[in-house]
Structure formats: C-alpha cells, structure tokens
Amino acid sequence: MRLLLVAGACLAVLMGCSTTAPDAPQAVASPTLPAVETPSTFTQAEHARVLAARNFADTLDFDFADRGFVATRSNPLITNAAGQPVWNLEAFDFLKQTSSDTVNPSLWRQGQLMSKHGLYKVSENIWQVRGFDLANITFVKGATGWIVIDTLGSNETALAALDLVTAQLGARPIVAVIYTHSHTDHFAGTAGIVKLEDVRAGKVAVIAPKGFLEAAVGENVIAGPAMQRRAMYQFGVALPKGEDGLVNAGIGPGLSTGTTSLIPPTKEIGETGETMTIDGVKMVFQFTPGTEAPAEMNVWFPDWKIVDMAENANATQHNILTPRGAVVRDAKVWAEGLTESLRLFGDADVLIASHGWPRFGNDEIREYLGKHRDAYAYLHDQTVRLMNKGLNGDEIAAQLQLPAELENEWYDRPYYGSLSFNSRAVYQFYMGWYDANPVNLAPMPPVETGKRYVAAMGGAGAVKRQAREAYDAGDYAWAAELLNHVVMANGDAEAKDLLARSYDQLGWQAEPSTWRNIYLTGAKELREGVGAPRANPASQMAQLANLPLGSLIDLLAVRLDPAKSAGQSVKLAFVLTDSNEQTYITIANGVLVHEEIAPTGAVDAKLTLTRADFLGGIFGGQPMPAKIQSGAVKLEGNPQALLKLAQWMDPPNPVFPIVTR
Ligand SMILES: [Zn+2]
Numbered sequence: 001m002r003l004l005l006v007a008g009a010c011l012a013v014l015m016g017c018s019t020t021a022p023d024a025p026q027a028v029a030s031p032t033l034p035a036v037e038t039p040s041t042f043t044q045a046e047h048a049r050v051l052a053a054r055n056f057a058d059t060l061d062f063d064f065a066d067r068g069f070v071a072t073r074s075n076p077l078i079t080n081a082a083g084q085p086v087w088n089l090e091a092f093d094f095l096k097q098t099s100s101d102t103v104n105p106s107l108w109r110q111g112q113l114m115s116k117h118g119l120y121k122v123s124e125n126i127w128q129v130r131g132f133d134l135a136n137i138t139f140v141k142g143a144t145g146w147i148v149i150d151t152l153g154s155n156e157t158a159l160a161a162l163d164l165v166t167a168q169l170g171a172r173p174i175v176a177v178i179y180t181h182s183h184t185d186h187f188a189g190t191a192g193i194v195k196l197e198d199v200r201a202g203k204v205a206v207i208a209p210k211g212f213l214e215a216a217v218g219e220n221v222i223a224g225p226a227m228q229r230r231a232m233y234q235f236g237v238a239l240p241k242g243e244d245g246l247v248n249a250g251i252g253p254g255l256s257t258g259t260t261s262l263i264p265p266t267k268e269i270g271e272t273g274e275t276m277t278i279d280g281v282k283m284v285f286q287f288t289p290g291t292e293a294p295a296e297m298n299v300w301f302p303d304w305k306i307v308d309m310a311e312n313a314n315a316t317q318h319n320i321l322t323p324r325g326a327v328v329r330d331a332k333v334w335a336e337g338l339t340e341s342l343r344l345f346g347d348a349d350v351l352i353a354s355h356g357w358p359r360f361g362n363d364e365i366r367e368y369l370g371k372h373r374d375a376y377a378y379l380h381d382q383t384v385r386l387m388n389k390g391l392n393g394d395e396i397a398a399q400l401q402l403p404a405e406l407e408n409e410w411y412d413r414p415y416y417g418s419l420s421f422n423s424r425a426v427y428q429f430y431m432g433w434y435d436a437n438p439v440n441l442a443p444m445p446p447v448e449t450g451k452r453y454v455a456a457m458g459g460a461g462a463v464k465r466q467a468r469e470a471y472d473a474g475d476y477a478w479a480a481e482l483l484n485h486v487v488m489a490n491g492d493a494e495a496k497d498l499l500a501r502s503y504d505q506l507g508w509q510a511e512p513s514t515w516r517n518i519y520l521t522g523a524k525e526l527r528e529g530v531g532a533p534r535a536n537p538a539s540q541m542a543q544l545a546n547l548p549l550g551s552l553i554d555l556l557a558v559r560l561d562p563a564k565s566a567g568q569s570v571k572l573a574f575v576l577t578d579s580n581e582q583t584y585i586t587i588a589n590g591v592l593v594h595e596e597i598a599p600t601g602a603v604d605a606k607l608t609l610t611r612a613d614f615l616g617g618i619f620g621g622q623p624m625p626a627k628i629q630s631g632a633v634k635l636e637g638n639p640q641a642l643l644k645l646a647q648w649m650d651p652p653n654p655v656f657p658i659v660t661r
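At position 484 of the sequence shown (counting the first as 1) the number is 484 in the numbering used here, and the numbers step up by one without a gap.
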C-alpha cells in the first residue's frame with residue numbers, strides 16, 4: 001500500500017501534478033506562529049523594491065503642498081454639538097516619521113502629503129483649507145464675500161474651516177456655494193456654514209452640475225446601506241489611525257464623522273462654456289457628466305488663469321469603479337473630458353482640485369493634465385484591445401501595466417484607484433461581470449463553493465496545510481484564496497487566524513490606500529467580528545429631509561419584503577400639506593409602485609400631514625398612531641392599510657458580514 005502511494009506520487013510528479021496526497025502528514029511541520037503578526041521578510045522585500053523603483057528624491061509635490069501656508073487651527077479636535085470629536089488634526093502626526101515597516105513606502109509618502117493641514121493661500125483671490133476632512137474646501141474672494149467651492153463631508157469640519165478663514169482673513173459673508181460634483185465629501189457640510197433660509201431667500205446661490213441632486217440621491221441613498229458598509233472597508237473607518245491601521249484614504253487623510261446635510265442647488269450648470277459672474281468673479285464651467293461622478297464640472301477663472309479640476313485630476317490614479325460600490329464610470333469619457341480641459345484651460349498658471357494640493361506653472365499643469373488623460377486613455381484602450389483578443393477581466397488585470405512615462409509620475413500612482421481594479425471596471429463597463437465561459441454562467445454562492453472546494457481538496461486540514469505552505473512562501477494571495485473557502489465553509493478559527501495574518505501582510509504591502517484599508521479591515525473583522533453600526537441617525541434624517549417625496553418612497557420600494565406582502569395588496573395616499581407634495585402608493589405582486597397622480601380605484605387610506613411628520617413617522621421611528629389621535633396627522637380610510645405598510649418593510653442591515661458568513 002505504501003509502495004503504491006509512493007509510485008502514485010512519482011507518477012504525479014512526472015505528470016506535473018501536486019505531490020501532496022490529500023490529508024497526508026507533512027514531513028516538516030511549520031513553526032508555530034507568534035501571537036502578533038509582524039511584517040515578514042517578503043513584505044520587507046516588497047517595500048525595498050518600491051523604494052528602489054520610485055523616485056523618492058523628487059520633492060516637487062511637497063513644495064506644492066506647502067506653498068502658501070497661512071496657519072492652522074490651534075485646537076486639533078473638531079467636535080460636534082455633543083462634544084464628540086468628528087476630526088482630529090493630530091491623528092496623522094505619526095506620518096512625520098520617515099517610514100514604517102507596516103506601510104508601503106509610496107503610500108506613506110502620499111499619506112505625508114495628504115496629512116498636511118491648514119489654510120493655504122493659492123493666489124491673490126483663492127484660499128484653500130486642506131486636511132480638515134477627506135476633501136478640500138476652497139474660498140474664492142468676491143467683491144463683498146466668499147464663493148465657497150465644495151463644503152467637505154460634515155457640517156462641523158466645514159464650520160471649522162470657515163472659522164479658520166475668518167480668524168485669518170476677516171469675516172465675510174458667503175454669497176455662493178459651488179458643488180463641483182455629487183459625492184457627499186463635497187456637499188455634506190453646507191448646512192454648517194450656510195443657512196437653508198438664506199438659500200431659499202436667494203441670499204446665497206447654490207450652484208451645481210446638472211443632475212446633481214438625482215446623482216447624489218441615487219448614488220448615496222438608494223444603495224446607501226450597502227455602500228456605507230463597503231465604504232467602511234474602503235476608507236478603513238473602523239481601523240485605528242496609525243502605522244498599523246489607517247494611514248491615508250488615497251484622496252485625503254480619512255473620513256470625518258460629523259453631521260451631514262444636503263442643501264439642494266438653486267442653479268444648475270448643464271453646458272460647457274456656460275459663464276457666470278458672481279460677486280464680481282467671472283467663472284466658466286466645463287460640464288463633465290459621467291466622468292468621476294455622474295454630475296460633475298470643472299471651474300475656470302479666466303481673469304486669473306486658475307482652474308479648479310474638481311475630482312477629475314487629483315494627485316492619484318482615481319477609480320473607474322470604486323471598491324465601496326457605485327455605478328461603473330466611463331474611462332473613455334473621462335479621458336476625453338481631460339482632452340477638452342487641456343484645450344479650455346491650457347493657459348492655466350495654477351491648478352487646484354477637490355482633493356490634494358495645487359500645481360503651479362503652465363508647463364507643469366499641461367503635463368499633469370496630459371498624463372492624467374493618457375493614464376485613463378491607456379487603461380481604456382489597452383483593456384479593450386486585450387478584451388477583443390479574448391482575455392477576461394482577471395487576465396487583463398494580471399498583465400496590464402502603464403508605460404514607464406506614466407507609471408513614474410507620482411500622480412498616476414494607484415493610491416485610490418488601481419490599474420488592476422480599473423481594468424476589470426473597463427471590462428465590466430462593456431461586457432458586464434460575465435466572462436463568456438459557460439462555467440461562470442451561474443456561480444454558486446460562497447458558502448456552497450467553500451464547502452465543495454474544501455471537500456474536493458481533502459478536507460479543511462489539507463486545505464489549511466496548503467494555505468500555510470503558501471503563507472510561509474510569502475504567497476499571501478493564494479493563502480487567502482484557500483483559507484477563504486475554509487472560513488466560508490465552516491467558520492474555522494484556525495483558518496480565520498491565518499487568513500487574517502495573510503490579509504495583514506497583503507495590507508502592509510499594498511500601495512493603494514483602498515486595498516490596504518480593505519485588507520486590514522477584513523483582518524480586523526476576522527479577529528474581532530463585525531462591530532456595532534456606526535451610522536448617525538440624526539445625520540441620516542438630515543440627509544433625507546431635503547429629498548423629494550418620490551425619492552423617499554423609492555427607499556420604501558427597496559425595503560419591501562415580498563414574503564410578508566405575499567398574496568396581499570394595499571393602496572395608500574400621502575398628502576404633505578406644507579411642501580405641496582403628494583404620492584399614491586400601490587403595493588401588489590411584491591412590488592411597491594408610486595406616482596404623483598392618483599391611479600384608478602379608491603385608496604385604502606389617505607394621510608394628510610406635514611413633511612416633518614411624514615419623515616418622522618415613516619423613517620424616524622416616531623409612532624404615527626399618537627399623531628393621528630392628536631389630530632396632527634389626518635387619517636381617512638382603513639388604519640390597517642398604514643399598519644401593513646409598516647409591517648411589510650424589511651430594514652437594511654448596516655453591519656452585514658463580509659469576510660465571514
Ligand atoms: Zn471626493
């Protein structure tokens with residue numbers, strides 16, 4: 001029997017197969033792992049490779065990032081009304097040391113640049129507060145007041161930025177707010193610095209690209225719970241800030257955790273070349289929908305030769321598809337937009353952006369815009385070339401590399417988006433997730449796949465042994481692939497531990513901040529489980545408060561549990577007295593349909609109420625019956641109809657598992 005096995009093993013060698021029989025004891029046992037994972041020799045070697053490959057002697061970015069520094073806030077903590085910190089300017093001070101063996105040196109450099117904070121004078125008329133949030137807030141000096149471009153991600157951080165500006169430059173009213181695009185880190189701080197009634201009274205103009213509100217709602221609200229959960233991974237929200245955790249978020253230091261707001265625009269820009277003069281400041285807009293955001297625009301100050309490139313050209317390769325999830329972007333349209341930017345703003349002497357530091361000098365700016373464009377054009381064209389030769393997304397991602405002229409530019413490095421992720425995104429944009437191989441027509445869910453692979457490979461013990469071999473050889477990605485099947489199959493504690501260690505090493509090696517944060521968050525959750533929800537209900541309600549009624553009902557439609565409403569139907573009408581909105585809701589066949597005009601047939605119940613009572617009752621957990629009894633809410637028809645609506649809703653899970661099941 002023994003001889004037969006040996007003969008079989010020899011045959012396997014000749015045939016190029018694995019020589020390890022399933023569940024066979026290993027000749028040499030791997031040493032016991034230390035209690036705490038430390039950077040391996042493989043991780044150290046990867047860092048050494050990066051140090052040798054990149055031009056760390058080039059300090060132009062540091063010169064640009066420091067230029068025009070005026071002052072920063074004396075109190076490093078920015079707090080909310082309850083006194084809880086929502087941002088700490090000192091949190092990234094650890095980046096003042098030269099390096100860390102748990103951080104890719106290139107990412108460390110990006111973290112150093114992004115963690116600078118304070119008020120910076122960009123030109124005679126333009127200042128920026130940077131490092132107070134994920135994004136920048138820009139103050140443009142008009143004849144009488146400030147035009148604010150982008151308002152950060154929290155009311156509190158926006159107010160702290162304005163306070164710093166006021167302390168250093170004197171008090172001036174805000175006469176206009178410009179949202180460059182529809183992502184929350186650029187609009188959610190508005191209510192911190194502008195009163196909604198002033199906007200409604202026409203005292204403050206709010207200017208945004210056409211389609212802003214729909215995009216903000218669609219991108220951040222309907223898929224919000226899933227996206228927020230995934231964003232926790234991408235931005236490392238649960239990681240401690242430090243060399244073992246969050247170092248940088250690629251486009252900024254990290255996410256603030258304050259109160260968010262959404263004040264809708266009063267004026268939309270829908271065409272390139274549209275010109276506007278506000279408070280004596282002339283601005284020309286480049287409308288760039290479908291680039292970095294569904295609704296986005298760049299702003300040109302022709303009198304000063306300064307361009308604000310929004311998020312279309314920041315100091316990193318950006319995402320064609322964000323790991324947090326969003327509709328895939330069009331790399332071709334993005335590149336074409338930058339070609340147009342070069343034509344429109346080719347005279348620029350100063351370039352600012354929604355994230356990162358400015359660039360100065362016309363030659364520098366032309367090269368910067370050109371090589372940003374070329375990176376996206378190359379990504380698009382070469383992915384499609386290989387796609388048309390029959391390679392699938394994984395195969396393209398494994399071989400695509402930027403040409404040296406682009407790869408060597410720091411601003412084309414993958415701190416936020418990576419070529420690997422982005423080439424898959426281009427593939428997805430044209431072809432979807434399916435790669436045409438029939439085996440992939442209907443892939444099994446991860447638990448089922450895990451169970452079957454583990455069984456096919458000879459059981460969990462055999463898979464873990466092979467994973468340990470891969471781990472010991474520094475092949476962490478393969479170790480993770482194997483261990484993920486074991487964890488999904490049976491939640492094995494030993495497999496979880498080794499998987500977490502593999503993710504540690506992968507995270508410490510990663511150049512993209514997004515990948516580092518994702519790996520390290522995965523490791524943390526494998527060790528500690530999923531934490532408590534972090535969402536701030538007050539912030540969520542503030543976000544909902546300004547949404548049109550139809551968008552609010554859309555949220556109910558995607559919460560309907562068809563099992564609970566099976567075989568039943570209901571018709572409801574809501575009439576909001578103060579906002580002059582009404583909606584007719586029909587639930588039947590497991591679907592919630594709503595329209596503003598009454599459909600045929602009688603409704604089961606009609607509710608007449610204020611917008612605040614509607615929001616509180618439907619989304620805020622305030623009991624509606626008490627308000628009906630008090631007369632604040634008028635109910636006509638069958639009260640059971642309203643009860644059904646409530647009972648059939650299935651709330652989202654803000655802390656769903658990702659690395660386990
Ligand atoms: Zn942004």
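For glycine and all other residues, C-beta sits at the position ideal for the given N, C-alpha and C.
Only a predicted model underlies this, so the values are computations on that prediction, with no experimental measurement involved.
| message | Taking 7 Å as the cut-off, is the beta-carbon of His-183 closer than that to any non-hydrogen atom of ligand 1? | response | Relative to ligand 1, His-183 has its C-beta within less than 7 Å of a heavy atom.
| task | Go ahead and label Phe-212 buried or exposed: buried means 16 or more other beta carbons lie within 10 angstroms of its beta carbon, across all protein chains shown. | result | The residue in question, Phe-212, is buried, as its Cβ has 16 or more Cβ neighbours within 10 Å.
| task | May I have the straight-line CA-CA distance separating Val-454 from Leu-482, to the nearest angstrom? | result | Looking at the two C-alpha atoms, the distance is approximately 9 Å.
| task | Return yes when the C-beta of Ser-565 is under 7 Å from any heavy atom of ligand 1, and no when it is not. | result | No, ligand 1 has no heavy atom inside 7 Å of this Cβ.
| task | Taking all protein chains shown into account, decide if Asp-374 is buried (16 or more other Cβ within 10 angstroms of its Cβ) or exposed. | result | By the neighbour-count criterion, in which a residue is buried when 16 or more other Cβ atoms sit within 10 angstroms of its Cβ, Asp-374 is buried.
| said: Taking the straight line between their C-alpha atoms, what separation do you get for Ser-256 and Thr-79? | reply: Between the alpha carbons of Ser-256 and Thr-79 lies a distance of about 10 Å.
| field | Cβ neighbours of Gln-523 in the same chain (closer than 6 Å, five flanking residues each side left out) | value | It should be pointed out that residue 523 corresponds to Ala in this sequence rather than to Gln. Non-local beta-carbon contacts of Ala-523 in its own chain, meaning distances under 6 Å to residues more than five positions away in sequence, involve Ala-500, Tyr-503, Asp-504 in chain order.
| query | How big is the Cα-Cα spacing for Phe-656 and Arg-465? | reply | Approximately 30 Å, taken between the alpha carbons.
| If you compare alpha carbons, which of Ala-143, Asn-484, Val-558, Glu-395 is closest to Val-447? | Ranking Ala-143, Asn-484, Val-558, Glu-395 by Cα distance to Val-447 puts Asn-484 first.
| His-186: beta carbon under 7 Å from a heavy atom of ligand 1? | Yes - ligand 1 has a heavy atom lying nearer than 7 Å to the Cβ of His-186.
| request: Please report how far the alpha carbon of Thr-586 lies from the alpha carbon of Ser-261, in whole angstroms. | output: Near 30 Å, if we compare the C-alpha coordinates of Ser-261 and Thr-586.
| C-beta contact flag for Ile-518 and Pro-654 at 8 Å | If you check the CB distance, Ile-518 and Pro-654 do not come in under 8 Å.
| request: Can you have a look at Trp-300 and say buried or exposed, based on whether 16 or more other CB atoms are within 10 angstroms of its CB? | output: So Trp-300 counts as buried.
| task | In angstroms with no decimal places, state the Cα-to-Cα distance between Lys-195 and Leu-51. | result | Rounded to the nearest angstrom, the two C-alpha atoms are 49 Å apart.
| query | If we count Cβ pairs, one from each stretch, closer than 8 Å, do we get three or more for the region 259 to 274 versus the region 282 to 291? | reply | A contact exists between the region 259 to 274 and the region 282 to 291.
| said: Using the three-state DSSP reduction, which class does His-380 fall into: helix, strand or coil? | reply: In this structure, DSSP gives His-380 a helical state, which the three-state scheme calls helix.
| What residue range is occupied by the uninterrupted beta strand (DSSP E) comprising Trp-304? | Careful: Trp-304 lies outside any beta strand (DSSP E) and carries neither H nor E.
| field | Ala-456 Cβ short of 7 Å to ligand 1 heavy atom set | value | Ala-456 Cβ: outside cutoff for every heavy atom of ligand 1.
| query | Is any heavy atom in ligand 1 found nearer than 7 Å to the beta carbon of Glu-511? | reply | Relative to ligand 1, even the nearest heavy atom lies 7 Å or more away from the CB of Glu-511.
| Member of Pro-253, Ala-326, Lys-203 whose CA lies at the smallest distance from the CA of Phe-235 | Here the closest residue by C-alpha is Pro-253.
| request: Whole angstroms is fine: what's the gap from Gly-616's alpha carbon to Glu-596's? | output: Between the C-alpha atoms of Gly-616 and Glu-596 there is a straight-line separation of about 21 Å.
| query | Whole-angstrom Cβ separation of Val-122 and Val-350, contact assumed at under 8 Å? | reply | Between the beta-carbon of Val-122 and that of Val-350 there is about 6 Å, and that keeps the pair under the 8 Å contact cut.
| Would DSSP call Arg-413 helix, strand or coil? | In this structure, DSSP gives Arg-413 a state outside helix and strand, which the three-state scheme calls coil.
| query | Any heavy atom of ligand 1 within a distance shorter than 7 Å of the CB on Ala-135? | reply | Yes, ligand 1 has a heavy atom inside 7 Å of this Cβ.
| request: With DSSP as the reference, label Glu-292 as helix, strand or coil. | output: Three-state DSSP puts Glu-292 in coil, outside helix and strand.
| Buried or exposed: where does Met-283 fall if 16 or more other Cβ atoms within 10 Å of its Cβ makes it buried? | Under this definition Met-283 is a buried residue.
| message | Buried or exposed, going by whether 16 or more other CB atoms sit within 10 Å of the CB of Leu-419? | response | Buried, since its Cβ has 16 or more Cβ neighbours within 10 Å.
| query | Can you find a heavy atom of ligand 1 that lies under 7 Å from the Cβ of Ser-256? | reply | For Ser-256, the shortest C-beta to heavy atom distance toward ligand 1 is 7 Å or greater.
| field | Close Cβ partners of Pro-25 (< 6 Å) along its chain, the five nearest in sequence each way excluded | value | Note on Pro-25: pLDDT 44, under 50, position unreliable in the model; the coordinate value appears next. Excluding sequence positions up to five before and after Pro-25, its CB lies less than 6 Å from no other CB in the same chain.
| query | Among Met-431, Leu-498, Pro-438, Gly-458, which has the Cα closest to the Cα of Ala-35? | reply | Answer by Cα proximity: Leu-498.
| Enclosing alpha helix (DSSP H) for Ala-460 [first to last residue] | Run containing Ala-460: 460 to 472, per the alpha helix (DSSP H) assignment.
| field | Other residues of its chain near Thr-277: CB distance less than 8 Å, five sequence neighbours each side excluded | value | Cβ within range, chain order: Met-283.
| task | Between the Cα of Asn-155 and those of Gln-128, Ala-171, Phe-139, Thr-184, spot the shortest distance and give me the residue it belongs to. | result | If we check each option's Cα against that of Asn-155, Thr-184 comes out closest.
| said: Tell me the residue span of the beta strand (DSSP E) that contains Glu-596. | reply: Counting along the chain, Glu-596 falls outside any beta strand (DSSP E), and DSSP gives it neither H nor E.
| task | Could you check what DSSP says for His-372 in three-state terms: helix, strand or coil? | result | Of the three classes helix, strand and coil, the one that applies to His-372 here is helix, per DSSP.
| Can the beta-carbon of Ala-231 be found closer than 8 Å to that of Val-328? | With respect to the 8 Å criterion, Ala-231 and Val-328 are not classified as neighbours on the basis of their beta carbons.
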